[in-house]
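Just below is one structure, and these are the notes that go with it.
Chains as they are written, first to last, in our numbering: chain A, 31 to 115; chain B, 36 to 213.
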């Protein structure tokens with residue numbers, strides 16, 4: 031009975047996690063940004079940002095992380111200046 | 036006599052502690068009648084965009100060509116090319132220089148600090164970005180910026196977003212930097 035409860039708890043915890051895929055740098059470069067899909071795409075990009083949890087100071091990042099973080103932030107801000115209503 | 040010495044020491048400490056510096060920056064402000072972009076032709080290839088278009092400034096039509104290449108989407112590259120061509124034309128045409136300055140006093144030694152997220156700055160303290168349009172974010176007027184700074188003995192390029200605080204001409208906040 032105890033084991034069943036543990037398994038059930040683990041399953042429920044798994045269901046609550048968002049299944050967002052962390053994009054590679056190249057996938058990020060070719061990300062199909064669209065204003066019409068802004069809400070969903072921003073959710074996805076911000077989830078990647080949450081998972082990556084980069085340091086706010088770019089000087090504390092290694093070159094690869096710095097490039098990824100730069101690309102990710104540029105992609106996120108794209109919606110702010112391109113999708114104004 | 037003792038009191039005089041104490042008073043003199045107190046006054047000198049105030050003068051030494053409150054070191055002030057003037058932060059000022061100049062920028063070209065164009066007061067020209069700039070018309071819309073017409074006859075725009077975009078030639079997009081992988082990682083590159085060449086734009087050709089006409090633009091009328093103060094009643095004179097100019098034909099501009101500009102190329103932008105990079106890792107970004109071609110449509111973004113076309114946008115940058117268009118903006119750079121327009122900006123370069125306006126720079127070539129000239130205008131009036133305006134200077135804004137604030138005096139900042141703080142304790143201790145004054146060293147040039149890198150601008151970081153959350154800092155309050157003058158708008159002209161940070162350079163223009165390729166994306167030089169203003170946009171609204173959280174009901175504030177914002178723009179992107181680009182700055183170059185030394186990092187570990189090399190030149191590093193930083194990007195970010197600043198937003199205006201309370202409609203002040205001089206107070207802007209760094210809301211993001213990368």
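Glycine included, C-beta positions come from ideal geometry on N, C-alpha and C. This structure is a prediction, so every number in the text was calculated from the model and none was measured.
N- and C-terminal bounds of the beta strand (DSSP E) containing residue i
i	result
residue 90(B)	83 to 92
residue 71(B)	69 to 80
residue 99(B)	95 to 104
residue 81(A)	No beta strand (DSSP E) holds residue 81(A); the alpha helix (DSSP H) holding it covers 68 to 82.
Proximity test, Cβ basis, 8 Å: residue i and chain B
i	result
residue 88(A)	yes
residue 114(A)	yes
residue 99(A)	yes
residue 103(A)	yes
residue 94(A)	no
residue 110(A)	yes
Inter-residue CB distance, residue i and residue j (contact presumed, cutoff 8 Å)
i	j	result
residue 219(B)	residue 113(B)	Residue 219(B) lies beyond the stretch modelled for chain B, which goes from 36 to 213, so this question has no answer here.
residue 214(B)	residue 182(B)	What is shown of chain B runs 36 to 213, which leaves residue 214(B) out entirely.
Straight-line Cα distance separating residue j from residue i
i	j	result
residue 119(B)	residue 82(A)	33 Å
residue 66(A)	residue 109(A)	10 Å
residue 51(A)	residue 199(B)	35 Å
residue 98(A)	residue 103(B)	21 Å
residue 116(B)	residue 80(A)	33 Å
residue 69(B)	residue 187(B)	42 Å
residue 77(A)	residue 112(A)	21 Å
residue 190(B)	residue 69(A)	36 Å
residue 71(A)	residue 77(B)	27 Å
residue 100(B)	residue 124(B)	11 Å
residue 195(B)	residue 73(B)	31 Å
residue 129(B)	residue 95(B)	14 Å
residue 159(B)	residue 57(A)	35 Å
residue 193(B)	residue 213(B)	6 Å
Pick from the options that is closest to residue i, judged by C-alpha positions
i	options	result
residue 75(A)	101(A), 112(A), 113(A)	101(A)
residue 210(B)	176(B), 109(B), 190(B), 184(B)	176(B)
residue 109(B)	84(B), 156(B), 182(B), 161(B)	84(B)
residue 167(B)	194(B), 182(B), 178(B)	178(B)
residue 180(B)	161(B), 152(B), 172(B)	161(B)
residue 169(B)	127(B), 207(B), 153(B)	207(B)
Unbroken alpha helix (DSSP H) run spanning residue i, endpoints
i	result
residue 123(B)	109 to 128
residue 111(A)	93 to 112
residue 168(B)	That residue, residue 168(B), is in no alpha helix (DSSP H); it is neither H nor E in DSSP.
residue 199(B)	Element bounds for residue 199(B): not the alpha helix (DSSP H) but the beta strand (DSSP E), 189 to 199.
Min CB distance residue i to chain A below 8 Å
i	result
residue 208(B)	no
residue 196(B)	yes
residue 115(B)	no
residue 186(B)	yes
residue 80(B)	no
residue 77(B)	no
residue 170(B)	yes
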